[in-house]
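In this text, residue positions in the sequence shown follow this note's numbering: the first is 26, and each later residue adds one.
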Amino acid sequence: MVDLVTWVGSGERDFSVNSQLKKAIQELGIKVDFAGLYIEYFDRTKVGTGDVYFYQKEESHAVFAIDLYKELTDQLDIVQIAILCDRSIAAKVRAKLREFFDNASCKISFEEAHFSSRARDLVDFEKYPRLMADSGYRKNILRNIGVFVGSVC
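1) State the DSSP-derived secondary structure class of residue 47, mapped to helix, strand or coil.
2) Is residue 41 helix, strand or coil when you go by DSSP?
3) Quick one: what does DSSP say residue 162 is sitting in, helix, strand or coil?
4) Using beta-carbon positions only, say whether residue 124 and residue 51 come within less than 8 Å of one another.
5) So residue 54 and residue 87 are supposed to be a Cβ contact under 8 Å. How far apart are they, rounded?
6) When we look at the beta-carbon of residue 43 and count the other beta-carbons within 10 Å, is it buried (16 or more) or exposed?
7) Taking the beta carbon of residue 131 as the centre, do at least 16 other beta carbons fall within 10 Å, making it buried, or is it exposed?
8) Looking at the secondary structure, which residues open and close the alpha helix (DSSP H) in which residue 180 lies?
9) Can you tell me where the alpha helix (DSSP H) holding residue 67 begins and where it ends?
10) What is the residue span of the alpha helix (DSSP H) that residue 107 lies within?
11) Taking residue 63 as the reference, which of 92, 141, 100 has the closest Cα?
12) Out of 168, 74, 117, which has the shortest C-alpha to C-alpha gap to residue 160?
13) If I measure Cβ to Cβ from residue 169 and keep anything under 6 Å in the same chain, skipping five residues before and after, which residues do I get?
14) Among the candidates 149, 128, 82, 150, whose CA atom is the shortest distance from the CA of residue 179?
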């Protein structure tokens, strides 16, 4: 999660959104308030809680989803991101996402596929609310179509 932003100063809100990730999402044509998600995760989400934020461009199959659930034993602030897009923009999105991952401070997993069961499972609305066995929390998926979500800095 720490790699979503780049610190440009020493103040609490002195950061900018990671440029590679921002460019990948711009290719999808989706508006995401990464600063708001960052603040949501670090300022408002307690350990053992957190939801999936789902973004989709209106009248498009392009999807960005991020799982902000904080596992009880996670000390690295690991989040899962899923992106689904059309083949027409896949190469551009792939290049930016690969660059984002390769420059991340903690590289856990990068998966690319024509069909990813992990990505589809993350964005399957029928599976929510999802009971998290480790904490008893009921994780939700929050849909945001063509709009910003989160706090404004």
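Don't be surprised by glycine CBs; every beta carbon is placed ideally from N, CA and C. Values in this document were obtained by computation on a predicted structure and should not be read as measured data.
Here's the rundown:
1) Taking the sequence shown and counting its residues from 1, one reaches residue 47 at position 22. Residue 47 falls in the helix class under three-state DSSP.
2) Counting from 1 along the sequence shown, the entry for residue 41 is found at position 16. DSSP places residue 41 in strand when its eight states are reduced to three.
3) For the purposes of this step, residue 162 is taken as residue 137 along the sequence shown, with counting starting at 1. Reduced to three states, the DSSP call for residue 162 is coil.
4) As a first step, residue 124 must be located in the sequence shown, where it is residue number 99. As a first step, residue 51 must be located in the sequence shown, where it is residue number 26. Against a cut-off of 8 Å, the Cβ pair of residue 51 and residue 124 comes out as no contact.
5) Mapped onto the sequence shown, residue 54 falls at position 29. Mapped onto the sequence shown, residue 87 falls at position 62. About 6 Å separates the two Cβ atoms, so the contact holds.
6) For the purposes of this step, residue 43 is taken as residue 18 along the sequence shown, with counting starting at 1. Residue 43 should be labelled buried.
7) Here residue 131 refers to the residue found at position 106 of the sequence shown. That one is exposed.
8) Lying before the first or after the last residue shown, residue 180 is absent from the chain, which here runs from 26 to 178.
9) In the sequence shown, the residue the question calls residue 67 occupies position 42. If you look at residue 67, you'll find it isn't in any alpha helix (DSSP H); DSSP assigns it neither H nor E.
10) To locate residue 107, count along the sequence shown from 1; it is residue 82. Where residue 107 is concerned, there is no enclosing alpha helix (DSSP H), although the beta strand (DSSP E) around it starts and stops at 105–109.
11) Translated into the one-based positions of the sequence shown, residue 63 becomes position 38. Ranking the options by Cα distance to residue 63, first place goes to 92.
12) Taking the first residue of the sequence shown as position 1, residue 160 is located at position 135. Nearest of 168, 74, 117 to residue 160, Cα basis: 74.
13) Within the sequence shown, the letter at position 144 stands for residue 169. Same-chain partners within the cutoff: 80.
14) With the chain running from 26 to 178 in the structure shown, residue 179 is simply not present.
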